[in-house]
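To start, the structure itself, in structure tokens.
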Amino acid sequence: AKARGGGCWHFYSQQMFDAFQDRLALEQDLKLALSLQQFDLHLQPKIRLADRKLVGLEALLRWQSPSRGLVPPDEFISVLEYAQLMIPVGYWVIEQGFSLMAGLRQAGLGDLQLAINLSPAQLTDPGLPVVLEQLLQKYQLNAADFEFELTESMLAKNLTETINSMQRLKAQGFALAIDDFGTGYSSLSYLRQLPVDTIKIDKSFVFGMLDNQADYDIITSTIAMVRKLGLQVVAEGVETQAQAKSLLQHQCDQGQGYLFARPIPAANLVQTLTENINQ
Ligand code: C2E
Ligand code: CA
Ligand code: CA
Ligand code: CA
Numbered sequence: 505a506k507a508r509g510g511g512c513w514h515f516y517s518q519q520m521f522d523a524f525q526d527r528l529a530l531e532q533d534l535k536l537a538l539s540l541q542q543f544d545l546h547l548q549p550k551i552r553l554a555d556r557k558l559v560g561l562e563a564l565l566r567w568q569s570p571s572r573g574l575v576p577p578d579e580f581i582s583v584l585e586y587a588q589l590m591i592p593v594g595y596w597v598i599e600q601g602f603s604l605m606a607g608l609r610q611a612g613l614g615d616l617q618l619a620i621n622l623s624p625a626q627l628t629d630p631g632l633p634v635v636l637e638q639l640l641q642k643y644q645l646n647a648a649d650f651e652f653e654l655t656e657s658m659l660a661k662n663l664t665e666t667i668n669s670m671q672r673l674k675a676q677g678f679a680l681a682i683d684d685f686g687t688g689y690s691s692l693s694y695l696r697q698l699p700v701d702t703i704k705i706d707k708s709f710v711f712g713m714l715d716n717q718a719d720y721d722i723i724t725s726t727i728a729m730v731r732k733l734g735l736q737v738v739a740e741g742v743e744t745q746a747q748a749k750s751l752l753q754h755q756c757d758q759g760q761g762y763l764f765a766r767p768i769p770a771a772n773l774v775q776t777l778t779e780n781i782n783q
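Shown next as structure tokens:
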């Protein structure tokens, strides 16, 4: 490598410039994605561990870009948030979810609850309760058909505003879950104050739970604590029978993961579910 300071500076600044250009291009593509109908929902089953029954679905956003292919949300959600596109895209997700739920009900699958992920900006958007009320009317659905998943990290920012927004959704009858539990900075004392129904243990703990004593201890004590608080506990990222068995032994209510099902494109969902039920 060259020891010339100037050359090094040039190299790094060029790299930074390229990264900046890539990011701008991504943002531009995302700005068009909604109007060009490039977004899609996939649904992942939630399973009750005691009897392996399907009890719900989580809506997961996908971006089918003509030039980039199927882009996973971890690569674009933060860009949507930064570019202030998450609120409009989030409303698209919500409306798709409601329309899907109406379809499930028609297919006799109305017992399933649909979980929808909400970004911080969406949660505190003052328009959200009104839009949700209108959608409940439009699709003739109950608020209890839906659960909103909120990440633990959003509590670290405006706690009071966050709790107020959560209480509004709760008062409307929607269920609420804390997602990625264990990865944020929230203290356990928040749990008492939050109007939540469900805690989802982050998949990073589940992956290691049978190989790593610390992960195992965190999982089992979290399940015990959450149940003591009278909340439901869901483990995400369940990939093996051994994990499912151990989670059930510790009285974890639900599991979600590749062991049971991968996320399914919304278009195939009703067919896949009715086929399985009629078997
Ligand atoms: P998340 O909400 O924690 O969703 C769970 C993620 O874990 C999903 O990734 C899912 O496909 C993946 N997963 C499920 N089971 C397994 C498993 O057994 N093994 C492994 N390795 N992974 C599993 P996905 O779909 O790529 O979504 C990533 C994240 O993007 C989500 O994490 C969520 O934070 C965010 N996201 C997705 N859709 C939306 C949305 O509509 N709105 C918002 N705000 N965020 C979304
Ligand atoms: Ca989630
Ligand atoms: Ca999660
Ligand atoms: Ca996550």
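Read in order, the letters of the sequence shown correspond to residues 505 to 783 in full-length UniProt numbering. Where is the CB? At the ideal position from N, CA and C, for every residue including glycine.
- Applying a distance threshold of 5 Å between residue Cβ atoms and the heavy atoms of ligand 2 selects N621, E653 and D683, given in chain order.
- One thing to note: P624 has its Cβ within 8 Å of the Cβ of K661.
- Sequence-distant partners of S693 (beyond 5 residues in either direction) whose C-beta falls short of 8 Å from its own C-beta are missing from its chain.
- Taking V730 as reference, the option from D706, T702, Q745 and F711 with the minimal CA-CA separation is T702.
- Bounds of the alpha helix (DSSP H) holding V635 are L632 to Y643.
- A Cβ-Cβ distance of about 5 Å is found for the pair G560 and L616, placing them in contact under the 8 Å criterion.
- Just measuring C-alpha positions, the residue of F602, L589 and Q588 sitting nearest A648 is F602.
- Using a cutoff of 7 Å, the CB of Y586 does not count as near ligand 1, since none of the ligand's heavy atoms is closer than that.
- A625 has its CB no nearer than 7 Å to any heavy atom of ligand 1.
- Per the C-alpha coordinates, the member of F678, K535, E665 and I667 positioned closest to A619 is F678.
- If the five residues before and after Y720 are omitted, its C-beta is found closer than 6 Å to the C-beta atoms of M713, all from its own chain and listed in chain order.
- DSSP lists K704 and Q758 as the bridge partner or partners of V738.
- DSSP links L564 through a beta bridge to H546.
- T666: member of the alpha helix (DSSP H) spanning L663 to Q676, first to last residue.
- Q736 and Q775 have their C-alpha atoms spaced approximately 29 Å apart.
- A606: member of the alpha helix (DSSP H) spanning M590 to Q610, first to last residue.
- Within the model, the alpha-carbon separation for S571 versus K550 is close to 32 Å.
- The DSSP-derived three-state label of G573 is strand.
- Distance from the C-beta of D578 to the nearest heavy atom of ligand 3 is not below 7 Å.
- The distance from the Cβ of V593 to that of L545 is about 11 Å, inconsistent with a contact at the 8 Å cut-off.
- At least 8 Å separates the beta-carbon of K707 from that of F685.
- Not a single heavy atom of ligand 1 lies less than 7 Å from the C-beta of G677.
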